[in-house]
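*Asks:*
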Amino acid sequence: MQPSDISARFARRATLSRSVRLLAQFRFEQTEPARFYGALAADTVAMTTDLWTTATGESAAGRTVLDVGGGPGYFASAFDQAGLSYIGVEPDPREMHAGPAADATEGTFVRASGMALPFADDSVDICLSSNVAEHVPQPWRLGNEMLRVTKPGGLAILSYTVWLGPFGGHEMGLTHYLGGARAAERYTRKHGHRPKNDYGSSLFAVSAADGLQWARSTGALLAAFPRYHPRWAWWMTSVPGLREFLVSNLVLVLRPS
């Protein structure tokens, strides 16, 4: 299967209206997390199941998905409704208890680091990491762990926010273009507390080039595309320099053999 083929089914969903709808939800991330994560979860399930079906020719129903950095558990219900067996991994107990995970009837939740997953080799069908790599100091160690626990012929899907893109600074806004440390200090002075995504401790500068280099080095890369862009803008991923500023969120799809 050629890299362009694996994302063909999902590409049909990648319309301009979808992009506008999803990006509009980002302003509710901290004020109305259920609204934001609910929309993101539905879109993530659609992406995951489309990629699985295209890669294998089979339905994803009945498969096990390991969600690395699953946070408060908003994705569990969406994956359960799609018929997948969900396991969420989250290292921060505050995040795990900040939402429905504490009372969830769907899925299993494990407190652990994505850089040292407590799962056996080749143990899950799909390993997903949505917007986590930019929050760990060794993102490609996380990526290698994802590949380790994914069964041969399964899928590892790693999506992360590119630092130089417009959302790289998270709640710090565009001030991250002044430098991460300076942006964090400016946020602290303005709001009286450190940002949740604090540069150097819970937020790191991860580039599109580094992600692509790592993914290609594994020999398992099937596709790379910008998560929130319409299909006609996916070409940006292939242009060095430009992709750092315009891709915003990069999806890497890998299939261990």
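Going by full-length UniProt numbering, the first residue of the sequence shown is number 1, and it counts up by one from there.
All residues carry an ideal CB built from backbone N, CA and C; glycine is no exception.
1. Considering Cα atoms alone, identify which of T56, A41, E32 is closest to L155.
2. Is the beta carbon of S129 less than 8 Å from the beta carbon of G38?
3. Under 6 Å Cβ to Cβ from D198, same chain only, skipping five residues before and after it: list those, please.
4. Here's a check: name, in chain order, each residue in its chain whose Cβ is nearer than 7 Å to the Cβ of T218, leaving out the five neighbours to either side.
5. For T150, which of helix, strand or coil comes out of DSSP?
6. Please work out which residues of its chain come closer than 6 Å, Cβ to Cβ, to G153, disregarding the five sequence neighbours upstream and downstream, and give them in chain order.
7. Just to confirm the assignment, what range does the alpha helix (DSSP H) spanning A209 have?
8. Would you call the CB atoms of P91 and R111 closer than 8 Å?
9. Might you give, ordered along the chain, the residues of its own chain that have their beta carbon closer than 6 Å to the beta carbon of G121, omitting 5 neighbours on each side?
10. Excluding the five sequence neighbours on either side, which residues of its own chain have a C-beta within less than 8 Å of the C-beta of F124, listed in chain order?
11. Report the option in S238, F167, G200 whose CA atom is closest to the CA atom of R182.
12. Quick check: the Cα distance between A205 and P226, rounded to an integer number of angstroms?
*Replies:* The relevant details are as follows:
1. The shortest Cα separation from L155 among T56, A41, E32 belongs to T56.
2. Inclusion of S129 and G38 in the CB contact set at 8 Å is not warranted, their separation being larger than that value.
3. Excluding residues within five positions, the ones whose Cβ falls inside 6 Å are A184.
4. The answer, listed in chain order, is L147, L254.
5. In this structure, T150 counts as strand in the three-state DSSP scheme.
6. Excluding positions up to five away in sequence, the list is empty.
7. Segment 208-218, the alpha helix (DSSP H) holding A209.
8. Yes, Cβ-Cβ distance for P91 and R111 is below 8 Å.
9. Checking the displayed sequence, the identity of residue 121 turns out to be Asp instead of Gly. Same-chain partners within the cutoff: R148.
10. Phe is not the amino acid found at residue 124; the sequence shown has Val there. Answer for V124: T64, V65, L66, I87, V149, T150, K151, G154, listed in chain order.
11. Put simply, of S238, F167, G200 the residue whose alpha carbon is nearest the alpha carbon of R182 is G200.
12. CA-to-CA, the gap between A205 and P226 works out to about 17 Å.
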